[in-house]
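Position one of the sequence shown corresponds to residue 366 (this note's numbering), numbered consecutively onward. Below is one structure, written out as structure tokens; comments come after it.
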Amino acid sequence: MRRYVTQLYPVRRQSLQIVQPVGCPGIFPVKPSPTCPPCPPCPCTPGLIRTETYQYTAISDGIKNMYTNSDAVMLFSTSGILDPNEVSVVNLFINGMLQPPNLYVVQPGVLILSDIPVQGAPLILQFIKMIVV
Numbered sequence: 366m367r368r369y370v371t372q373l374y375p376v377r378r379q380s381l382q383i384v385q386p387v388g389c390p391g392i393f394p395v396k397p398s399p400t401c402p403p404c405p406p407c408p409c410t411p412g413l414i415r416t417e418t419y420q421y422t423a424i425s426d427g428i429k430n431m432y433t434n435s436d437a438v439m440l441f442s443t444s445g446i447l448d449p450n451e452v453s454v455v456n457l458f459i460n461g462m463l464q465p466p467n468l469y470v471v472q473p474g475v476l477i478l479s480d481i482p483v484q485g486a487p488l489i490l491q492f493i494k495m496i497v498v
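Written out as structure tokens, the structure reads:
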């Protein structure tokens with residue numbers, strides 16, 4: 366039978382104060398410290414940013430390098446292939462690995478790859494739309 370020896374260590378707890386980054390009150394709305402000078406308004410961010418994410422998923426057949434909305438696996442997709450000009454960010458994952466943008470082209474309803482992925486590899490297009498509230 367094993368015996369475990371435990372020791373008690375005194376723990377000191379500190380109270381931490383959250384301080385917002387200077388110049389970002391619209392992104393990080395926290396009450397500023399009384400000792401902090403007022404932050405100037407941020408010209409680039411007029412308010413909070415809300416995001417919406419969409420996902421197109423297909424499975425590679427090992428033959429083609431062009432996929433359309435009709436190739437989507439609806440069980441894992443929340444949208445078709447969206448227009449990249451109407452979203453903020455487009456990411457492509459092939460077999461779970463993020464792909465550099467120079468290896469593919471996204472057009473409304475069409476994904477064109479520079480190479481043919483191995484059969485059975487999942488293709489996931491992630492679309493992120495950022496909206497200023």
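Yeah, the Cβ is synthetic: ideal placement off N, Cα and C, and Gly gets one too.
Whether residue i touches residue j by CB criterion (9 Å)
i	j	result
residue 476	residue 425	no
residue 415	residue 471	no
residue 456	residue 486	no
residue 418	residue 474	no
residue 442	residue 420	yes
N-terminal and C-terminal residue of the beta strand (DSSP E) that residue i is part of
i	result
residue 487	487-497
residue 349	Residue 349 cannot be examined here, being either before or after the span of the chain that is shown, 366 to 498.
residue 433	431-433
Beta bridge counterpart(s) of residue i as assigned by DSSP
i	result
residue 456	491
residue 420	491
residue 414	497
residue 478	469
Cβ neighbours of residue i in the same chain (closer than 6 Å, five flanking residues each side left out)
i	result
residue 478	430 and 469
residue 448	473
Residues near residue i in its chain [Cβ-Cβ closer than 8 Å; skip 5 each side]
i	result
residue 483	425, 427 and 460
residue 495	414, 415, 416, 453 and 454
Neighbourhood of residue i by C-beta distance below 7 Å, restricted to the same chain and skipping five residues each side
i	result
residue 493	416, 418, 452, 453 and 454
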